[in-house]
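Residue numbers (my numbering): 221 to 727.
Notes follow the structure.
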């Protein structure tokens, strides 16, 4: 007997699980604000050199005669240079810049991330993911060792502090360092909240939980675009993003520890107390004798799985292969989703509108995931979505210079890959045993973060050939399609508890 056998008795999806779903929404929203909202924080508007006779409040816009007189023509782009100006017959590099103020005062404007420093915009996204990778390594193992609740509280307190301190950054390097720290704690909160909810839900409801959580992605994207549009400066926007983490202070009083994790650590007294609370909140009754029997059986089943590390998991050949496959799947999904997301400012149309449309279209997509994967299973749906996502990127080759065409098919590919990411979270949670679940999801976060690091730079390959980034992304998706077939189906199966069970799962 395992904890999955106790859940139907105390309520596998009642008020207690709905309460958890609401409580963990805040770390999820913070995560999406951090990833998607960074597009609005660091966006670089159009700019030109400040001319010797101009002041800082000069208008960005000049007439054609003025542009021709003061700015040399860039032969490669066929536009006037943004980094050089003419003085008599001499071309000079810019000392100061005049920005188009359509986006307000962003990080790029504040720290003048222009010309030879514009790479720092992509670096900002990469360092975000680097921070999340480090956070996944540390907090993933920490949550398995010290508990999901404790790590959630610690990471959200740090998030609130750093999220407000960062607006006082005196230079871009301080800003980037603090973003790394934010990425670390956001990763800890994101994966900890996901695991604590999944572990409180029976197998048949896990897909619905995963899908509901990922609906926050669409809502977070829409809200990010709205807040960015309304915020006059990046500092105001950052404070608004951070404010969504404030309710997490309630975790100290209202968030229980995972009873499944407590049983795995042989902390039966604490597990008994929480199980009684769950039963009460779900309006269920469990006899004391039956509870003691269930706890004894679950404790015996959990023996031998305390303090399992990545090294321990790697000693099991089947489990090891699945770990590497799931890591690659995370890598591919992240590089596609965030590569396209962070490239939004380069697409045609209004940036805020494109972000909002991307979020709106995410909402029905995740509902579609719920209905398809609940009937066809996880593996076939992931395979199908990845194939279609790859084909959408191939379609962009037909008209690589047609901006609207490329935007449309790229966003469809991103939506399908985002839906796949949702399912991979669920699949990973169901494949990894309890003792290794948080650390396993942490490994997925590490691989995904590496994908995010590369995603920041992959569209720079357009400099060599316009379709090249999409060709690479399409190829990665096809490889992932082949690898997903090597994993077992997990739909409606009991969660493995020990490493041995995880290694035998699906055989």
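Every residue, glycine too, gets a C-beta built ideally from N, C-alpha and C.
| query | For residue 236, which beta-bridge partners are listed by DSSP? | reply | Numbered from 1 along the chain shown, position 16 holds the residue referred to as residue 236. Answer by DSSP bridge pairing: none, since residue 236 is not bridged.
| request: Return the CA-CA distance between residue 352 and residue 346, expressed in angstroms with no decimal places. | output: In the chain shown, counting from the first residue as 1, residue 352 sits at position 132. In the chain shown, counting from the first residue as 1, residue 346 sits at position 126. Computed Cα separation, rounded: 10 Å.
| task | Assign residue 284 to one of two classes, buried (16 or more other C-beta atoms within 10 Å of its C-beta) or exposed (fewer than that). | result | If you number the chain shown from 1, residue 284 lands on position 64. So residue 284 counts as exposed.
| field | Entirely enclosed alpha helix (DSSP H) segments - the region 605-663, minimum 4 residues | value | The DSSP assignment places complete alpha helix (DSSP H) segments of no fewer than 4 residues inside the region 605-663 at 623-651, in order along the chain.
| message | Our contact map puts residue 349 next to residue 409 with C-beta atoms below 8 Å; I'd like the distance itself, whole angstroms only. | response | Residue numbering aside, residue 349 sits at position 129 when the chain shown is read from its first letter. Residue numbering aside, residue 409 sits at position 189 when the chain shown is read from its first letter. Cβ-Cβ separation between residue 349 and residue 409: approximately 16 Å, too far for a contact (criterion under 8 Å).
| query | On the three-pair Cβ rule with 8 Å, is the region 484-501 touching the region 228-239? | reply | Enough Cβ pairs lie closer than 8 Å, so yes.
| task | Alpha carbon to alpha carbon, how far is residue 405 from residue 639? Give it in angstroms, no decimals. | result | As a position in the chain shown, residue 639 is number 419, starting the count at 1. As a position in the chain shown, residue 405 is number 185, starting the count at 1. Residue 639 and residue 405 have their C-alpha atoms some 24 Å from each other.
| Boundaries (first-last residue) of the beta strand (DSSP E) holding residue 268 | Taking the chain shown and counting its residues from 1, the one referred to as residue 268 is at position 48. Unbroken beta strand (DSSP E) run through residue 268: 267-269.
| field | Endpoints, beta strand (DSSP E) assigned at residue 305 | value | The residue you call residue 305 lines up with position 85 of the chain shown. From DSSP, the beta strand (DSSP E) with residue 305 extends over 304-307.
| query | Tell me the DSSP bridge mates of residue 574? | reply | Here residue 574 corresponds to residue number 354 of the chain shown, with the count starting at 1. DSSP output for residue 574 lists no bridge partner at all.
| query | Taking buried to mean at least 16 other C-beta atoms within 10 Å of its own C-beta, is residue 606 buried or exposed? | reply | Locating residue 606 in the chain shown gives position 386, counting from the first residue. The residue is buried, with at least 16 neighbouring Cβ atoms inside 10 Å.
| field | Residues near residue 440 in its chain [Cβ-Cβ closer than 7 Å; skip 5 each side] | value | On the chain shown, residue 440 is found 220 positions in, with the first residue counted as 1. Its chain contains 249, 252, 253 and 256 as the residues whose beta carbon lies nearer than 7 Å to that of residue 440, once the 5 sequence neighbours on both sides are disregarded; these appear in chain order.
| request: Report the residue from 266, 698, 709 and 494 whose alpha carbon sits nearest the alpha carbon of residue 633. | output: For the purposes of this step, residue 633 is identified with residue 413 of the chain shown, where counting begins at 1. Among 266, 698, 709 and 494, the Cα nearest to that of residue 633 is on 698.
| said: Can you look up residue 710 in the DSSP assignment and give me helix, strand or coil? | reply: Counting from one through the chain shown, the residue named residue 710 turns up at place 490. Of the three classes helix, strand and coil, the one that applies to residue 710 here is coil, per DSSP.
| task | Identify every residue that forms a DSSP beta bridge with residue 310. | result | Within the chain shown, numbered from 1, the residue matching residue 310 stands at position 90. Its beta-bridge partners are 307.
| Inter-stretch contact (C-beta, 8 Å, three-pair minimum) for the region 321-328 and the region 453-466 | Contact between the region 321-328 and the region 453-466 is present: 3 or more CB-CB pairs across the two stretches fall below 8 Å.
| request: For residue 325, write down the residues that DSSP places opposite it in a beta bridge. | output: Within the chain shown, numbered from 1, the residue matching residue 325 stands at position 105. According to DSSP, residue 325 bridges with 453.
| task | Would you mind working out which of 515, 560, 447 and 715 sits nearest residue 492, comparing C-alpha positions? | result | Your numbering for residue 492 matches position 272 in the chain shown. With distances taken between Cα atoms, residue 492 lies closest to 515.
| request: Taking only the alpha-carbon atoms, compute the straight-line gap between residue 626 and residue 590 and give it to the nearest angstrom. | output: The count along the chain shown starts at 1 and reaches residue 626 at position 406. The count along the chain shown starts at 1 and reaches residue 590 at position 370. Approximately 28 Å, taken between the alpha carbons.
| request: Just the C-alpha distance for residue 648 and residue 424, rounded to the nearest angstrom, thanks. | output: As a working note, residue 648 is residue 428 in the chain shown. As a working note, residue 424 is residue 204 in the chain shown. In a straight line, the C-alpha of residue 648 is about 15 Å away from that of residue 424.
| said: Among 670, 391, 461 and 289, whose alpha-carbon lies nearest the alpha-carbon of residue 308? | reply: Your numbering for residue 308 matches position 88 in the chain shown. With distances taken between Cα atoms, residue 308 lies closest to 289.
| message | Tell me the DSSP secondary structure of residue 299 in three-state form. | response | Stepping through the chain shown from its first residue, residue 299 is reached at position 79. Collapsing the DSSP output to three states places residue 299 in a strand.
| field | Selected residue, minimal CA-CA separation from residue 674, among 696, 277, 684 and 447 | value | Residue numbering aside, residue 674 sits at position 454 when the chain shown is read from its first letter. Comparing Cα-Cα distances from residue 674 to each of 696, 277, 684 and 447, the minimum goes to 696.
| query | Any idea what DSSP makes of residue 319, helix, strand or coil? | reply | Start at 1 with the first residue of the chain shown, and residue 319 comes out as number 99. Strand, per DSSP.
| Roughly how many whole angstroms lie between the Cα atoms of residue 476 and residue 645? | Within the chain shown, residue 476 is the residue found at index 256, counting from 1. Within the chain shown, residue 645 is the residue found at index 425, counting from 1. Put simply, the backbone Cα of residue 476 is about 22 Å away from that of residue 645.
| Which partner residues of residue 293 appear in the DSSP bridge assignment? | For this step, residue 293 is matched to residue 73 along the chain shown. In the DSSP output, where bridge partners are listed per residue, residue 293 has 300.
| task | Classify residue 689 as buried or exposed, calling it buried when 16 or more other Cβ atoms lie within 10 Å of its own Cβ. | result | Position 469 of the chain shown, counted from the first residue, corresponds to residue 689. By the neighbour-count rule (16 or more Cβ atoms within 10 Å), residue 689 is buried.
| query | Taking all protein chains shown into account, do 16 or more other C-beta atoms lie within 10 angstroms of the C-beta of residue 582, making it buried, or fewer, making it exposed? | reply | Taking the first residue of the chain shown as position 1, residue 582 is located at position 362. Residue 582 is buried by the Cβ-count criterion.
| task | Determine contact between the region 306-320 and the region 361-375, defined as no fewer than three beta-carbon pairs at a distance below 8 Å. | result | No, the region 306-320 does not touch the region 361-375.
| query | By Cβ distance, which residues of its chain are closer than 7 Å to residue 246, with the 5 residues on each side in sequence left out? | reply | Locating residue 246 in the chain shown gives position 26, where the first residue counts as 1. Non-local C-beta neighbours of residue 246 in its own chain, meaning closer than 7 Å and more than five positions away in sequence, comprise 464, 465, 467 and 468, ordered along the chain.
| Distance CB(residue 666)-CB(residue 356) smaller than 7 Å | Numbered from its first residue, the chain shown carries residue 666 at position 446. Numbered from its first residue, the chain shown carries residue 356 at position 136. The Cβ-Cβ distance between residue 666 and residue 356 falls below 7 Å.
| query | Once you ignore the five residues that flank residue 563 on each side, which residues in its own chain have a CB closer than 7 Å to its CB? | reply | Against the chain shown, residue 563 aligns to sequence position 343. The residues are 679.
| Anticipated Cβ contact below 8 Å, residue 382 with residue 398, distance rounded | For the purposes of this step, residue 382 is identified with residue 162 of the chain shown, where counting begins at 1. For the purposes of this step, residue 398 is identified with residue 178 of the chain shown, where counting begins at 1. The C-beta distance from residue 382 to residue 398 rounds to 6 Å, short enough to fall under 8 Å.
| message | With the cut-off set at 7 Å, would you say residue 719 and residue 536 are in Cβ contact? | response | The sequence position of residue 719 within the chain shown is 499, counting from 1. The sequence position of residue 536 within the chain shown is 316, counting from 1. Yes, the pair counts as a contact, with Cβ atoms nearer than the cut-off.
| Cβ separation of residue 534 and residue 540, assumed to be a contact under 8 Å, to the nearest whole Å | Position 314 of the chain shown, counting from 1, holds the residue named residue 534. Position 320 of the chain shown, counting from 1, holds the residue named residue 540. About 5 Å; that satisfies the 8 Å criterion.
| request: Have a look at 652, 305 and 334 and flag the residue whose alpha-carbon is nearest the alpha-carbon of residue 722. | output: For this step, residue 722 is matched to residue 502 along the chain shown. In terms of Cα proximity to residue 722, the closest of 652, 305 and 334 is 652.
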